[in-house]
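Residue numbers (my numbering): 237 to 431. Where is the CB? At the ideal position from N, CA and C, for every residue including glycine.
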């Protein structure tokens, strides 16, 4: 039975999955994130990508700090998003030093300090890591409700790989979706790669 048939709303699904995620201990968060990182770094799409957009984790999301640092060490160009609240868009900025360049920004997410903003065009990206609240086995995504990533994804070249990072507890039978909700290409959890 689908989420729609049960009559669950996006907000109810969001709260339910976020409650599950909040119960993860710091050790579980780290261990599971390390497993997900291993899967990401083994993907051909990742190995071949030169310019990678990472989200900066917050609120018990899959941890990305050590992924970003390793990608930089591997010679990848790393881009992170800056939330533009006025029009709910994402401004992209190249990051060169995780420890030096970031400060707490919109929604309490780390963003580059003003002097370190280095704008990057959408067209330069090869791969995008996507956060989210819930995903299903058809790679549908439930976000936080702001529409930032759906708007952003709609403007991306179809060749850019969009890969979601999620814990297995975030995989649901069916994500509640609207017509403007875009699926991702793959979802990586600590247990599997969903395509």
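Is it buried or exposed for residue i, if we count other Cβ within 10 angstroms and need 16 for buried?
i, result
"residue 390", "exposed"
"residue 249", "buried"
"residue 406", "buried"
"residue 237", "Because the pLDDT at residue 237 is just 38, under 50, the model does not fix this residue reliably, and the value given afterwards should be weighed accordingly. So residue 237 counts as exposed."
"residue 303", "buried"
"residue 364", "buried"
With C-beta atoms as the reference, is residue i less than 8 Å away from residue j?
i, j, result
"residue 382", "residue 428", "no"
"residue 411", "residue 372", "yes"
"residue 326", "residue 315", "no"
"residue 276", "residue 424", "yes"
"residue 420", "residue 254", "no"
"residue 331", "residue 340", "no"
"residue 394", "residue 291", "no"
"residue 268", "residue 415", "no"
"residue 288", "residue 375", "no"
"residue 301", "residue 334", "yes"
List the whole-angstrom C-beta distance separating residue i from residue j, where the pair is believed to meet the contact cut-off of C-beta under 8 Å.
i, j, result
"residue 348", "residue 357", "Contact flag wrong, Cβ pair sits at about 16 Å."
"residue 344", "residue 396", "Wrong, their Cβ atoms sit about 27 Å apart, outside the cutoff."
"residue 403", "residue 257", "7 Å"
"residue 401", "residue 298", "4 Å"
"residue 319", "residue 380", "Rounded, the Cβ-Cβ distance is 11 Å, inconsistent with contact."
"residue 312", "residue 286", "7 Å"
Problem set entry | Segments assigned beta strand (DSSP E), at least 3 residues, entirely inside the region 306-358 | Listed in chain order, the complete beta strand (DSSP E) runs (minimum 3 residues) inside the region 306-358 are 313-320, 325-331, 338-340 and 346-348.
For this session: Would you be able to state if there are at least three C-beta pairs under 8 Å between the region 255-268 and the region 303-315?
Result: Inter-segment contact for the region 303-315 and the region 255-268 is absent: fewer than three beta-carbon pairs are separated by less than 8 Å.
For this session: Within the region 250-301, note down every full beta strand (DSSP E) run reaching 3 residues or more, in order along the chain.
Result: Within the region 250-301, the complete beta strand (DSSP E) runs of at least 3 residues are 287-289.
For this session: Tell me the start and end of each unbroken alpha helix (DSSP H) in the region 369-414 that is at least 4 residues and wholly inside, in chain order.
Result: Counting only runs that start and end inside the region 369-414, the alpha helix (DSSP H) elements of at least 4 residues fall at 384-390.
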